[in-house]
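Engineer: Protein chains in written order, with the working numbering: chain W, 19 to 229; chain E, 19 to 229.
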DNA sequence: CTTGACAATATCGTATACGATTTGCAACGA
DNA sequence: TCGTTGCAAATCGTATACGATATTGTCAAG
């Protein structure tokens with residue numbers, strides 16, 4: 019973060035992994051990356067180590083770094099973590115929501131519903147969820163949600179564009195938002211929880227069929 | 019982890035921070051650490067960067083690393099995260115608990131109650147909580163709980179030995195364990211939640227009095 | 001005595017260099 | 001043909017070296 023040379027490397031590689039441009043298992047050669055950015059290996063290594071701690075990259079001694087591959091079980095476990103973090107975030111956020119928050123979210127959902135490009139669904143979905151949690155004001159919590167999101171990213175992007183269509187999530191998003199507007203924390207949290215649990219079931223089914 | 023030279027540095031400094039030997043704000047000089055371990059600065063930097071991503075250390079450009087200082091608000095927010103993660107972990111763990119888990123926890127609590135050394139309370143408390151969550155089998159979740167625990171460590175160690183005594187936590191621990199033995203997820207989670215919320219209130223009070 | 005400018009020192013960040021390990025390939029023998 | 005062995009190239013991990021930046025101490029002017 020404070021590190022001039024490593025920072026662009028970190029950002030670029032991270033973005034490439036999240037966008038799916040770098041597939042799991044892809045090797046990340048230090049010299050190659052260093053040359054590309056016109057720097058030495060040392061800041062490159064620091065960027066890669068950082069991604070390692072974020073669980074996006076794996077190091078093997080004397081073999082270097084590769085884009086991390088998640089097992090099926092881990093994906094389901096990460097969704098359990100999402101349930102924990104996001105339900106709590108929503109619970110904390112609802113009492114802080116104001117009129118403009120609701121209208122922003124409504125606008126976003128309307129926009130979302132009209133998008134036909136499958137590629138954008140994933141990003142818009144992500145954005146809606148974050149709008150729900152931001153009023154919590156709990157930055158460490160929001161950061162953790164982002165981290166988990168990043169780890170699941172590759173996987174869910176594929177899933178969203180195949181398994182679940184647009185209708186079911188949209189309906190559930192609406193239900194959650196309505197409960198928020200009513201200030202009904204219990205209902206909203208229950209709806210969010212079910213929303214993520216359904217995703218979890220879809221992932222499980224997707225994997226069973228050999229995704 | 020895969021990194022021979024940096025690993026001992028990482029472990030040592032991390033342990034020193036968690037044990038409170040390195041106070042928040044304390045500078046971590048690279049050359050000094052390197053000499054102490056008989057290595058160069060480069061692996062030292064990697065160890066420190068790793069601790070930075072774990073939020074235990076802060077870097078300032080051209081000023082180096084210091085042990086991170088948490089603000090009062092952040093401590094309370096981290097406790098909100100504990101509520102999220104630990105309640106979920108317990109929920110997932112209870113269905114997997116077997117007789118030996120219960121007896122291990124009972125034994126531990128009995129042992130705990132007889133300790134008179136305040137210094138040990140914090141560690142025994144930590145251990146009990148982890149025994150509750152381990153049967154969840156969700157390793158990524160357990161790792162996150164550990165991370166949050168580490169960030170709160172310095173703070174709670176002080177608190178446990180001052181604000182709350184031994185009686186109240188022990189009673190609550192007992193309540194949680196009894197609900198687990200009864201297989202009553204709802205009651206157990208509610209009790210755990212209240213347990214952490216009480217800690218949160220104690221921290222808030224402690225800070226208000228200028229801890 | 002205080003304050004500001006400047007020099008000396010300490011510390012950091014990273015490029016370069018090099019030994020260590022792994023990987024790819026080719027020559028050889030079964 | 002196929003598996004082995006050994007060498008060459010690729011890649012890694014880290015020590016050393018050095019320019020850049022921050023910190024500290026000194027001295028002169030006010």
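The beta carbon of each residue, even a glycine, is placed where N, CA and C say it ideally should be.
The structure displayed is predicted, hence computed values, not measured ones.
Please state the DSSP three-state secondary structure of residue 82 of chain E.
Structural biologist: Correct three-state label for residue 82 of chain E: strand.
Engineer: Please state if the CB of residue 113 of chain W and the CB of residue 85 of chain W are separated by a distance shorter than 8 Å.
Structural biologist: For residue 85 of chain W and residue 113 of chain W, no; Cβs fall outside 8 Å.
Engineer: What in chain W is Cβ-close to residue 92 of chain E, meaning under 7 Å?
Structural biologist: In chain order: 158.
Engineer: Closest Cβ-Cβ distance between residue 95 of chain W and chain E: below 8 Å?
Structural biologist: Closer than 8 Å to some Cβ of chain E, the Cβ of residue 95 of chain W qualifies, so yes.
Engineer: Looking only at C-alpha atoms, which of E:108, E:79, E:27 sits nearest to residue 56 of chain E?
Structural biologist: Comparing Cα-Cα distances from residue 56 of chain E to each of E:108, E:79, E:27, the minimum goes to E:27.
Engineer: Using the Cα positions of residue 212 of chain E and residue 205 of chain W, report the straight-line distance between them to the nearest angstrom.
Structural biologist: Answer to the nearest angstrom: the Cα atoms are 21 Å apart.
Engineer: From which residue to which residue does the alpha helix (DSSP H) around residue 125 of chain E run?
Structural biologist: Counting along the chain, the alpha helix (DSSP H) containing residue 125 of chain E begins and ends at 117 to 132.
Engineer: Within this structure, are the beta carbons of residue 35 of chain E and residue 104 of chain E separated by less than 8 Å?
Structural biologist: No.
Engineer: To which residues of the same chain is residue 119 of chain W closer than 7 Å at the C-beta, ignoring the five residues directly before and after it?
Structural biologist: The answer, listed in chain order, is 153.
Engineer: How would you list, in chain order, the residues of chain W whose beta-carbon sits under 8 Å from the beta-carbon of residue 162 of chain E?
Structural biologist: Within chain W, the residues near residue 162 of chain E are 99, 162.
Engineer: Could you tell me whether the Cβ of residue 106 of chain E comes closer than 8 Å to any Cβ of chain W?
Structural biologist: Yes, its Cβ sits closer than 8 Å to a Cβ of chain W.
Engineer: Within its chain, find whatever has a CB closer than 8 Å to the CB of residue 124 of chain W; leave out the 5 residues flanking it on each side and keep chain order.
Structural biologist: Same-chain partners within the cutoff: 195.
Engineer: List the DSSP bridge partners of residue 77 of chain E.
Structural biologist: Partner(s): E:83.
Engineer: Between the alpha carbons of residue 126 of chain E and residue 177 of chain E, how many angstroms are there, rounded?
Structural biologist: Each residue's Cα considered, the two are about 21 Å apart.
Engineer: Which runs of the beta strand (DSSP E) fall wholly inside the segment 141 to 182 of chain W and span at least 3 residues, in chain order?
Structural biologist: The qualifying runs do not exist here; there are none.
Engineer: Using DSSP with H/G/I as helix, E/B as strand and the rest coil, what is residue 184 of chain E?
Structural biologist: The answer is coil: DSSP assigns residue 184 of chain E none of H, G, I, E or B.
Engineer: Is it right to say residue 157 of chain W is buried, meaning 16 or more other beta carbons lie within 10 angstroms of its own, or is it exposed?
Structural biologist: Residue 157 of chain W is exposed by the Cβ-count criterion.
Engineer: Beta carbon of residue 78 of chain E, beta carbon of residue 203 of chain E: below 8 Å?
Structural biologist: Not closer than 8 Å, so no.
Engineer: Touching or not, the segment 165 to 175 of chain W and the segment 85 to 100 of chain W, by the rule of three or more beta carbon pairs under 8 Å?
Structural biologist: The segment 165 to 175 of chain W, when compared against the segment 85 to 100 of chain W, does touch it at the 8 Å Cβ threshold.
Engineer: Which value, in whole angstroms, describes the spacing of the CA atoms of residue 221 of chain W and residue 107 of chain W?
Structural biologist: Roughly 23 Å between the two C-alpha positions.
Engineer: Looking only at its own chain, which residues have a Cβ that is under 6 Å from the Cβ of residue 111 of chain E, when we skip the five neighbours before and after it?
Structural biologist: So the list reads 151, 153, 154, once near-sequence residues are dropped.
Engineer: Taking only three categories from DSSP, how would you classify residue 40 of chain W?
Structural biologist: Of the three classes helix, strand and coil, the one that applies to residue 40 of chain W here is coil, per DSSP.
Engineer: For residue 193 of chain E, which residues in the same chain have their Cβ closer than 6 Å to its Cβ, ignoring the five residues on either side in sequence?
Structural biologist: So the qualifying residues of the chain are 209.
Engineer: Answer yes or no: do residue 129 of chain W and residue 149 of chain W have a C-beta to C-beta separation smaller than 8 Å?
Structural biologist: No, Cβ-Cβ distance for residue 129 of chain W and residue 149 of chain W is not below 8 Å.
Engineer: Compare the beta carbon distance of residue 83 of chain W and residue 76 of chain W with 8 Å and say whether it is the shorter of the two.
Structural biologist: Yes, Cβ-Cβ distance for residue 83 of chain W and residue 76 of chain W is below 8 Å.
Engineer: Could you tell me whether the Cβ of residue 170 of chain E comes closer than 8 Å to any Cβ of chain W?
Structural biologist: So no, residue 170 of chain E is outside the interface.
Engineer: If you compare alpha carbons, which of W:184, W:187, W:142, W:74 is closest to residue 33 of chain W?
Structural biologist: For the residues W:184, W:187, W:142, W:74, the minimum Cα distance to residue 33 of chain W belongs to W:74.
Engineer: Given a cut-off of 8 Å, decide if residue 71 of chain E and residue 71 of chain W are closer than it, judged by their beta-carbon atoms.
Structural biologist: Cβ atoms of residue 71 of chain W and residue 71 of chain E: closer than 8 Å.
Engineer: For residue 152 of chain W, go through chain E and note every residue whose CB falls closer than 8 Å to its CB, in chain order.
Structural biologist: What residue 152 of chain W touches in chain E: nothing, since even the nearest Cβ is about 14 Å away.
Engineer: Going along chain E, which residues have a C-beta under 8 Å from residue 110 of chain W?
Structural biologist: The contacting residues are 98.
Engineer: Who are the neighbours of residue 57 of chain W on chain E, taking C-beta pairs under 8 Å?
Structural biologist: Neighbours of residue 57 of chain W on chain E: none; closest Cβ ~15 Å, over 8 Å.
Engineer: Taking the C-alpha atoms as reference points, what is the distance between residue 100 of chain E and residue 80 of chain W?
Structural biologist: One C-alpha to the other measures close to 37 Å.
Engineer: Hey, is residue 72 of chain E's beta-carbon within less than 8 Å of any beta-carbon in chain W?
Structural biologist: So, interface residue.
Engineer: Below 9 Å on C-beta distance, what does residue 40 of chain E contact in chain W?
Structural biologist: Here the premise fails: no neighbours, minimum Cβ distance about 20 Å.
Engineer: Going along chain E, which residues have a C-beta under 9 Å from residue 64 of chain W?
Structural biologist: Here the neighbours are 63, 64, 67.
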